[in-house]
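Protein chains: 2
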Amino acid sequence: MEHNLGNTIALLARTPAALNGLLRGLPETWVLHNEGENSWSVFDIAGHLVHADRTNWMPRARLILEHGETQAFASFDRLGQIQASQDKTLEQLLDEFISVRAECLDELRALKLRPENLQKRGQHPALGTVTLSELLATWAAHDLTHLHQISRVMAYQYRETVGPFRKFLGVMRCEGHGT
Amino acid sequence: MEHNLGNTIALLARTPAALNGLLRGLPETWVLHNEGENSWSVFDIAGHLVHADRTNWMPRARLILEHGETQAFASFDRLGQIQASQDKTLEQLLDEFISVRAECLDELRALKLRPENLQKRGQHPALGTVTLSELLATWAAHDLTHLHQISRVMAYQYRETVGPFRKFLGVMRCEGHGT
Numbered sequence: 001m002e003h004n005l006g007n008t009i010a011l012l013a014r015t016p017a018a019l020n021g022l023l024r025g026l027p028e029t030w031v032l033h034n035e036g037e038n039s040w041s042v043f044d045i046a047g048h049l050v051h052a053d054r055t056n057w058m059p060r061a062r063l064i065l066e067h068g069e070t071q072a073f074a075s076f077d078r079l080g081q082i083q084a085s086q087d088k089t090l091e092q093l094l095d096e097f098i099s100v101r102a103e104c105l106d107e108l109r110a111l112k113l114r115p116e117n118l119q120k121r122g123q124h125p126a127l128g129t130v131t132l133s134e135l136l137a138t139w140a141a142h143d144l145t146h147l148h149q150i151s152r153v154m155a156y157q158y159r160e161t162v163g164p165f166r167k168f169l170g171v172m173r174c175e176g177h178g179t
Numbered sequence: 180m181e182h183n184l185g186n187t188i189a190l191l192a193r194t195p196a197a198l199n200g201l202l203r204g205l206p207e208t209w210v211l212h213n214e215g216e217n218s219w220s221v222f223d224i225a226g227h228l229v230h231a232d233r234t235n236w237m238p239r240a241r242l243i244l245e246h247g248e249t250q251a252f253a254s255f256d257r258l259g260q261i262q263a264s265q266d267k268t269l270e271q272l273l274d275e276f277i278s279v280r281a282e283c284l285d286e287l288r289a290l291k292l293r294p295e296n297l298q299k300r301g302q303h304p305a306l307g308t309v310t311l312s313e314l315l316a317t318w319a320a321h322d323l324t325h326l327h328q329i330s331r332v333m334a335y336q337y338r339e340t341v342g343p344f345r346k347f348l349g350v351m352r353c354e355g356h357g358t
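So the protein lines, in turn, are chains H and S. Here my numbering is used: position 113 in the first sequence is 113, and no number is missing along the way. In short: position in the second sequence from 1, add 179, done, that's my numbering.
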């Protein structure tokens, strides 16, 4: 299916409102607990989304447009938000996500990308050749993978509270599909 | 972990805003397509959430409070929204969800349930004895299972558009954990 950039931007523009609606003011049970061991809480995931918008998506898009395949993307630091989120509240992270996302989308729209620009290629450090189209579609799908994770981490907190209903709740059987 | 009804209500109160923020005005690609065969689109899931609030959760809670285990719950018609959603738009369903959820929570809060009320037992047609506590916790977890499903159904629409990035996106490997 051909990539419709308008569809991608439509989703990217809505994720901050979705997370804000779901999470702002929720009790700690839902947002500070994780799935055990080194897994992420909702707070960690919110920090990751802010960090990825700041350091990953538009910087990589610019690199493709300016240098094509001649310069590989810097590796993304998947734990980079830990330091950046210290001493913040979830509400501060939600505010930051709203503002960094709006800035990134302003920048993306200002590029006025045409279909031929979307086919421009870059070098991913692990995946090899990727197109700008694939990078931008992945930005939107990355929001969805973390919305999927957030719903699972939250459901995990009620795995005992729901009693026998657990067998009817698919999210309780999701094992995270880790990479 | 003991069931804190305030935490349950906090989540139930936010899901309509989360779905409204995510879905209102999204292009058809995201909301009218499903995962193939008889699977549900985002539109179908929104209709299901409205239908479940209208016919399932508070009616069952009232039945437990009024009749205990002497009267089993009516079976929930998992496809009951199909007819009710015909000829509606997603935006109408989102409006209905906002209003039916607010009405249900007004009713729940008005019951002023105490811990001992939450231990009251009812008869589920498939699960046998369940408590009011478990029923109400499941109402919240049911929101999460459908948020999990929505993010997966939406990600499915981009399974080819993301190209090689697919392997990094856990949601693309979620198989739905069907019951």
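Using N, Cα and C, we set each Cβ at its ideal position, and we do this for glycine too.
Compile a chain-ordered list of the residues in the segment 149-172 of chain H whose CB is closer than 9 Å to at least one CB of chain S. Q149, I150, S151, R152, M154, A155, Q157, Y158, R159, E160, T161, V162, G163, P164, F165, R166, K167, F168, L169, G170, V171, M172
Sort S:P304, S:D285, S:V309 by Cα distance to S:N296 and report the nearest one. S:V309
Where the beta strand (DSSP E) through S:Q302 begins and ends: 300-303
What do you get for S:N217, buried or exposed, if any count of 16 or more other CB atoms within 10 angstroms of its CB means buried? exposed
S:Q302 to H:Q157, Cα distance in whole Å? 25 Å
Distance, S:L348 Cα to H:G176 Cα: 10 Å
Can you check which of these residues, H:P164, H:H48, H:A141, H:L147, is closest to H:Q86 by C-alpha distance? H:H48
For the segment 200-233 of chain S, which residues have a beta carbon sitting closer than 7 Å to at least one beta carbon of chain H? G200, L201, L205, P206, T208, W209
To which residues does DSSP link S:T310 through a beta bridge? S:R300
Residue environment, H:P125, which counts as buried when at least 16 other CB atoms sit within 10 Å: exposed
State the beta-bridge partners of S:A251 as determined by DSSP. S:Q302
With a threshold of 7 Å between beta-carbons, can S:E313 be considered close to chain H, or not? yes
S:T310: contacting residues in chain A (beta-carbon distance under 9 Å): In summary, chain A is missing from the structure at hand, where the protein chains are H and S.
H:T145 at chain S interface by Cβ criterion, 7 Å: yes
Terminal residues of the alpha helix (DSSP H) in which S:N235 lies: Premise fails: S:N235 is in no alpha helix (DSSP H) and is neither H nor E.
Within 10 Å of its beta-carbon, does H:G128 have 16 or more other beta-carbons around it, so buried, or fewer, so exposed? exposed
On the criterion of 16 or more Cβ atoms from any shown chain inside 10 Å, does S:G204 qualify as buried, or is it exposed? exposed
Our contact map puts S:L191 next to S:A319 with C-beta atoms below 8 Å; I'd like the distance itself, whole angstroms only. 5 Å
If contacts are defined as beta-carbon pairs under 8 Å, then S:T249 and H:A155 qualify, I think. What distance do you get, rounded to the angstrom? Actually they do not touch by this definition, with Cβ atoms about 32 Å apart.
Looking at C-beta atoms only, is the number of pairs between the segment 44-59 of chain H and the segment 99-111 of chain H that lie closer than 8 Å three or more? yes
Contact criterion: CB-CB distance below 7 Å. Does H:R60 meet it with respect to chain S? no
Distance cutoff 7 Å, beta carbons only. Does S:A263 sit that close to anything in chain H? no
What are the boundary residues of the alpha helix (DSSP H) that includes H:R101? 90-110
Which residues in chain S sit within 7 Å of H:Q176, going by Cβ to Cβ distance? According to the sequence displayed, residue 176 of chain H carries Gly and not Gln. Neighbours of H:G176 on chain S, chain order: G349.
Answer with buried or exposed for S:R239, where buried requires no fewer than 16 other C-beta atoms within 10 angstroms of its C-beta. buried
Using 7 Å as the threshold, is the C-beta distance between H:L136 and H:T8 below it? yes
Between H:H3 and S:R331, is the Cβ-Cβ spacing less than 7 Å? no
For a contact defined as C-beta to C-beta under 7 Å, what are the partners of S:G259 on chain H? What S:G259 touches in chain H: nothing, since even the nearest Cβ is about 16 Å away.
Amino acids of chain H, ordered along the chain, whose beta-carbon sits closer than 9 Å to that of S:R193: G21, L22, L23, R24, G25, L26
Helix, strand or coil for S:H212? Go by DSSP, reduced to three states. coil
For S:Y335, which of helix, strand or coil comes out of DSSP? helix
Straight-line Cα distance separating S:G185 from S:V279: 19 Å
Of the residues S:V341, S:H321, S:Q298, which one's Cα is nearest the Cα of S:A225? S:H321
Looking at H:I64 and H:K112, is the spacing between their C-beta atoms short of 7 Å? no
Quick check: is the beta carbon of H:A110 nearer than 7 Å to any beta carbon in chain S? no
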